Structures are given as structure tokens and as C-alpha cells.
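Heads up: the sequence shown begins at 478 in this note's numbering, then just goes up one per residue. Note that CB positions come from ideal geometry on N, CA and C, so glycine has one too. In this text, all values refer to a predicted model and were calculated from it rather than measured experimentally.
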Amino acid sequence: MNTSTSSLPEMINSSIVVLTKPSVRTFEQYENRGGLRDALIYVVAAALIAGLVGFVFNLFAGIGAAIVALIGAVLSPVVGFFVFAFAIYYMGKQQGGTGTQDEVFYTTALYTAPLLAVVGAISAIPLLGCLLFPVTLALGIYQIYLGYLAARSSMNLDQTKAIITVIVAYIAQFVIGLVIAGLLVGVAATSTGGI
478 MNTSTSSLPE MINSSIVVLT KPSVRTFEQY ENRGGLRDAL IYVVAAALIA
528 GLVGFVFNLF AGIGAAIVAL IGAVLSPVVG FFVFAFAIYY MGKQQGGTGT
578 QDEVFYTTAL YTAPLLAVVG AISAIPLLGC LLFPVTLALG IYQIYLGYLA
628 ARSSMNLDQT KAIITVIVAY IAQFVIGLVI AGLLVGVAAT STGGI
């Protein structure tokens with residue numbers, strides 16, 4: 478278990494390098510600088526940024542809608558991140574990967590958190606989210622590529638095994654995301670008296 482910890486500014490600087498110079502080698506430079514706790518703090522901070530933007534813009538629909546949007550904007554990506562990173566670790570191990578859970582969570586957080594903050598904040602602003610949809614789509618595709626690189630680095634997998642691992646992780650994240658979305662729609666319907 479990794480006992481080192483990273484500060485948020487240190488993680489932001491590492492994220493800048495990972496996002497601007499993506500490679501397996503780049504991820505390997507940072508995989509031992511933090512662990513699960515650091516990763517979760519970083520992702521929660523990013524989700525809070527996106528959630529607060531969503532909260533402000535949903536106030537126009539009422540305080541109930543704003544609170545549900547805030548909870549959804551924080552809960553869904555944090556749980557999704559955890560499911561995705563754990564699936565990378567689990568599937569990587571099943572395929573002979575030698576990485577640790579701390580390495581997987583930390584390297585995954587380095588690209589997930591900044592993209593979550595940017596895309597989440599943009600998407601929460603109704604008109605801006607529509608206008609910049611091509612940009613957020615491109616960032617989503619880039620995130621898949623970064624997931625592949627991080628899986629290869631943190632789990633020490635070859636190309637094929639990393640691709641399989643990432644596909645399984647995205648499927649797991651998607652299924653859990655649908656469950657969370659269904660629950661949030663149910664809560665929203667209950668709090669507003671119906672949809």
C-alpha cells in the first residue's frame with residue numbers, strides 16, 4: 478500500500494504534464510506519488526467544482542432541482558470514477574497485471590479530475606454546454622485514450638490486455654451510471670411531485 482500523499486497543487490501540476498505529454502512513460506513517472514485517498518480527494522474536488530456550477534444554473538428551476546443537480550454532479554462522477562478505477566485494477570489483475578490499487582487510482586485521477594471539472598462545468602451551463610458539445614465529445618474520446626495509457630502504465634499490461642481492461646471498466650462504469658441516474662430521476666420525481 479502506498480503511504481505517500483500528494484497535495485492538490487502537486488496533483489494539478491502532474492495532471493498538466495499527463496494531459497499535455499500523454500504516454501505510458503509519463504504516467505509511470507507519477508504512479509507512485511499518491512494513492513487511493515489522494516485520488517478520491519482530487520476527484521471529489523473536481524466534482525464539487527462541476528457540481529457547484531450546476532447548482533447555480535439549476536437555481537432557476539428551483540432549490541430542489543438545484544440540490545438534486547448538485548448531488549448528481551458530485552455523486553455520479555465520484556462513484557463512476559471509483560467503479561472505473563476498481564474495474565481497471567480487478568481486470569488488470571485477472572490478466573496478469575502487476576500494478577497496485579493505489580497506482581491505478583492515482584494515475585486514473587490525474588487525467589479524470591481535470592477533465593471532469595472542465596467538462597462538468599461546461600455541461601452544467603445550458604447554452605454553453607450545447608455550443609461546446611463537439612469540444613466535450615473530443616475530450617471524452619481523449620479521456621478514453623488516456624485511460625488506455627494509464628491502464629498500461631499502472632497495471633503493466635500489454636496493448637491488447639489494456640484495451641480489454643479499459644473496455645470492461647467503461648462498461649462497468651456505464652451500468653453503474655445508469656443505476657445512479659435512475660435513482661436520481663426517482664428522487665427528483667418524488668421531490669417535485671412527478672416529472
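Exercise. When the Cα atoms are used, what is the spatial distance from F532 to A601?
Worked result: 8 Å
Exercise. To the nearest angstrom, how far is it from the Cα of D515 to the Cα of P611?
Worked result: 31 Å
Problem set entry | Collapsed DSSP secondary structure at S484 in the structure displayed | coil
Exercise. Between T584 and A627, which are expected to be in contact by the criterion C-beta below 8 Å, what is the C-beta distance as a whole number of angstroms?
Worked result: 4 Å
Exercise. Can you tell me the Cα-Cα spacing of V596 and A615, whole angstroms?
Worked result: 10 Å
Exercise. Roughly how many whole angstroms lie between the Cα atoms of V495 and T503?
Worked result: 6 Å
For this session: Compute the Euclidean distance between the alpha carbons of N509 and V521, then round it to the nearest angstrom.
Result: 20 Å
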